[in-house]
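Since the structure comes first, as structure tokens, the remarks are kept for the end.
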Amino acid sequence: MTPAKLIGLTGNIATGKSHVARVLRSLGAQVIDADAIARQVVEKGRPALAEIARVFGPSVLTEAGELNRRALGAIVFSDPARLRQLEAITHPAVHAEIERLLAAMPSDAIAVIEVIKLFEAGWAERCDQVWVTTCSTEEQIRRLIASRGLSEAEARARVEAQNPQEDKIARADVVIDTSGSPEQTEAQVHRAWNALLDRSTKE
Numbered sequence: 001m002t003p004a005k006l007i008g009l010t011g012n013i014a015t016g017k018s019h020v021a022r023v024l025r026s027l028g029a030q031v032i033d034a035d036a037i038a039r040q041v042v043e044k045g046r047p048a049l050a051e052i053a054r055v056f057g058p059s060v061l062t063e064a065g066e067l068n069r070r071a072l073g074a075i076v077f078s079d080p081a082r083l084r085q086l087e088a089i090t091h092p093a094v095h096a097e098i099e100r101l102l103a104a105m106p107s108d109a110i111a112v113i114e115v116i117k118l119f120e121a122g123w124a125e126r127c128d129q130v131w132v133t134t135c136s137t138e139e140q141i142r143r144l145i146a147s148r149g150l151s152e153a154e155a156r157a158r159v160e161a162q163n164p165q166e167d168k169i170a171r172a173d174v175v176i177d178t179s180g181s182p183e184q185t186e187a188q189v190h191r192a193w194n195a196l197l198d199r200s201t202k203e
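When we follow our numbering, the leftmost residue of the sequence shown carries the number 1, and every step to the right adds one.
Right under this line is the structure:
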């Protein structure tokens with residue numbers, strides 16, 4: 001089976017996707033977090049991790065044989081070609097797991113797939129609506145420094161490695177500006193959710 005409605009939730013790094021996803025989950029949506037799946041597929045013992053070590057070298061593994069995310073990030077976020085190599089390894093495994101989860105959902109569900117590369121991976125065409133989170137570049141950098149302990153240079157490299165936010169906004173059905181307070185963000189989510197429900201009852 002497949003869900004009745006599918007929302008594609010995207011936005012660049014540290015623009016508030018996870019906050020919006022939590023609000024949607026509280027409203028009854030079934031949320032699939034592609035980032036969480038991406039972490040699972042590179043766990044120790046998984047084929048994707050072995051391929052990453054082969055392509056990028058042993059320096060991207062810890063002494064315990066787990067992925068050293070900071071070391072890998074230093075390589076891929078400063079080199080677009082290397083980032084594409086990483087994505088070619090991880091994306092097929094993530095895509096397959098998302099498909100499995102969607103197929104298992106009840107037919108009356110409203111599902112959300114939270115995917116940073118929603119457009120690039122071809123998911124947008126599958127969605128009934130695309131929601132995009134946004135905030136200023138400086139706010140992204142501030143959040144990355146605060147939440148992940150990155151230096152300003154590391155945070156800026158991660159932000160600049162992604163396609164411009166404006167490209168996503170131009171293709172969005174709903175834009176959620178997370179620059180304000182959490183309550184302001186939540187109010188936007190509630191409005192968009194209610195509008196989706198209203199539209200669904202009229203179809």
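The beta-carbon is built from N, C-alpha and C at its ideal position, and this holds for glycine as well.
How should residue i be labelled, buried or exposed, when 16 other C-beta atoms within 10 angstroms of its C-beta is the threshold for buried?
i, result
"K44", "exposed"
"R70", "exposed"
"Q184", "exposed"
"A192", "buried"
To the nearest angstrom, how far is the alpha carbon of residue i from that of residue j?
i, j, result
"P164", "V76", "18 Å"
"S78", "A29", "36 Å"
"Q162", "N12", "7 Å"
"L118", "D35", "12 Å"
"P80", "S136", "22 Å"
"H196", "A187", "The identity of residue 196 in the sequence shown is Leu, whereas the question assumes His. If I take the Cα positions, the gap works out to 14 Å."
"S59", "L67", "9 Å"
"R39", "T90", "9 Å"
"P182", "D167", "24 Å"
"R171", "A48", "31 Å"
"F56", "E63", "16 Å"
"I169", "V175", "7 Å"
"D173", "H95", "23 Å"
"E152", "A146", "10 Å"
"L27", "N194", "10 Å"
Enumerate in chain order the residues of its own chain whose CB-to-CB distance from residue i is below 7 Å, with the five nearest sequence positions on each side excluded.
i, result
"E87", "none"
"W123", "G8, I113, V115"
"S179", "C135, S136, E139"
"T133", "G11, T15, G16, K17, V20, I176, T178"
"Q85", "V55"
"S200", "K5"
"A50", "none"
Once you ignore the five residues that flank residue i on each side, which residues in its own chain have a CB closer than 8 Å to its CB?
i, result
"G73", "E154, R158"
"G65", "K44"
"I32", "I98, L101, L102, A111, V112, I113, E114"
"T2", "L102, A103, M105, S107"
"A53", "V60, L61"
Below 8 Å on the Cβ atoms is my contact criterion, and I expect residue i with residue j to pass it. Report the Cβ-Cβ distance as a whole number of Å.
i, j, result
"W131", "G8", "7 Å"
"A14", "L144", "5 Å"
"V41", "A93", "4 Å"
"Q141", "R126", "According to the sequence provided, residue 141 is Ile. The question's Gln does not apply to it. The Cβ separation is near 32 Å, so there is no contact."
Short of 6 Å in beta carbon distance, which residues of its chain neighbour residue i, apart from the five on each side in sequence? Order them along the chain.
i, result
"V189", "V20, V23"
"K5", "I110, D128"
"L83", "V76"
"R25", "V31"
Can we count residue i as close to the ligand MN, meaning its CB is less than 7 Å from some heavy atom?
i, result
"A48", "Looking for the ligand MN in the displayed structure turns up nothing, as the structure carries no ligands at all."
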